[in-house]
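Novice:
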Amino acid sequence: YQEDVNPGTKELHLDPNKSFFELSEDIAQFGKRYTIDHFDEPIDKNKWSGSAFDINAYYNPESNSINFPAGILQAPFYDKNQSTEKNYGGIGVVIGHEITHAFDSNGADYDENGDMHNWWTKADSKAFDKRIKAFEDQWNGLEIYGTKVNGKLTVTENVADAGGLSSTLQVLKTDMTKPNLKDYFENYADIWKQKASLQYNKYTMVQDVHAPNELRVNQQLKNLPEFYEAYPQIKEGDAMYLAPSKRISLW
Numbered sequence: 185y186q187e188d189v190n191p192g193t194k195e196l197h198l199d200p201n202k203s204f205f206e207l208s209e210d211i212a213q214f215g216k217r218y219t220i221d222h223f224d225e226p227i228d229k230n231k232w233s234g235s236a237f238d239i240n241a242y243y244n245p246e247s248n249s250i251n252f253p254a255g256i257l258q259a260p261f262y263d264k265n266q267s268t269e270k271n272y273g274g275i276g277v278v279i280g281h282e283i284t285h286a287f288d289s290n291g292a293d294y295d296e297n298g299d300m301h302n303w304w305t306k307a308d309s310k311a312f313d314k315r316i317k318a319f320e321d322q323w324n325g326l327e328i329y330g331t332k333v334n335g336k337l338t339v340t341e342n343v344a345d346a347g348g349l350s351s352t353l354q355v356l357k358t359d360m361t362k363p364n365l366k367d368y369f370e371n372y373a374d375i376w377k378q379k380a381s382l383q384y385n386k387y388t389m390v391q392d393v394h395a396p397n398e399l400r401v402n403q404q405l406k407n408l409p410e411f412y413e414a415y416p417q418i419k420e421g422d423a424m425y426l427a428p429s430k431r432i433s434l435w
């Protein structure tokens, strides 16, 4: 966790007479100026780029760290009163997702110290690239909202989702004799529920490195053998069925 408050906040002065929109613009402009002013300084690996209240999490390759603001540590991501399986399907997957970013096609360029450095053997790199390409191919062209997914644009996030799911399922099955997989999968679906306009969804399809939330659930789960264990009624020909030969994973 962060030990110190970002010193830059002491330099930010807000006018209480301005509107919310104007203040938002002032904060955004301040952030840009602060970044430019400190561009040539050594990287402070203890500094967070987000706020404590953010309902988000992120991997920072420069500090080789996963960062979880307090805002995300609440239901449905995490709740001490919900089942272990639900917590694994919520905050557990997000933790696995962020760790996987250390080994996606971007994070793979950084070493354990957060420095850009090629630490891969040629054989490992070739095998890794082949699996990354499989993710690009599976996702590329998937249709939703009258638009097609860009497999290359979204590949790092799709890989991270897959890593978060497969790793937490492995740990869950190790920790529990008979885990309630339905709890796990249904809470994973819960964390991606959203209400958005068609225009917004179409916009994010061409701008966002994340695939649409609906596909982050439905397409990802098709690749997992455990999904078919939890819902044995899903058979060949169903929309949620994917033939074993077409299922992919990174790790």
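In the numbering used here, each residue's number is its place in the sequence shown (first place is 1) plus 184.
Quick reminder that beta carbons are idealized off the backbone N, C-alpha and C, glycines included.
Only a predicted model underlies this, so the values are computations on that prediction, with no experimental measurement involved.
#1: Please go through the same chain and pick out, in chain order, the residues whose beta-carbon is closer than 6 Å to the beta-carbon of residue 331, but skip the five residues on each side of it.
#2: Can you check the stretch 274 to 345 for any alpha helix (DSSP H) of at least 4 residues that lies completely inside it and give the ranges in chain order?
#3: Since residue 320 and residue 395 are thought to touch, with beta carbons under 8 Å apart, how far apart are those beta carbons, to the nearest angstrom?
#4: Check whether the Cβ atoms of residue 351 and residue 433 lie closer than 8 Å to each other.
#5: Among 213, 214, 244, 239, which has the Cα closest to the Cα of residue 228?
#6: Rounded to the nearest angstrom, what separates residue 302 and residue 294 at their Cα positions?
#7: Tell me whether the stretch 239 to 255 and the stretch 305 to 316 touch, counting them as touching only if at least three CB pairs, one residue from each stretch, are closer than 8 Å.
#8: Closer than 8 Å is the cut-off here; do at least three beta carbon pairs connect the stretch 260 to 268 with the stretch 282 to 289?
#9: Between the stretch 368 to 376 and the stretch 273 to 280, do at least 3 Cβ pairs fall closer than 8 Å?
#10: Give the straight-line distance between the Cα atoms of residue 429 and residue 315, rounded to the nearest whole angstrom.
Specialist: So, from the listed chains and residues:
#1: 386, 389
#2: 277 to 284, 306 to 323
#3: Between residue 395 and residue 320 the Cβ distance is about 12 Å, and since that is not below 8 Å, they are no contact.
#4: no
#5: 244
#6: 7 Å
#7: no
#8: no
#9: yes
#10: 14 Å
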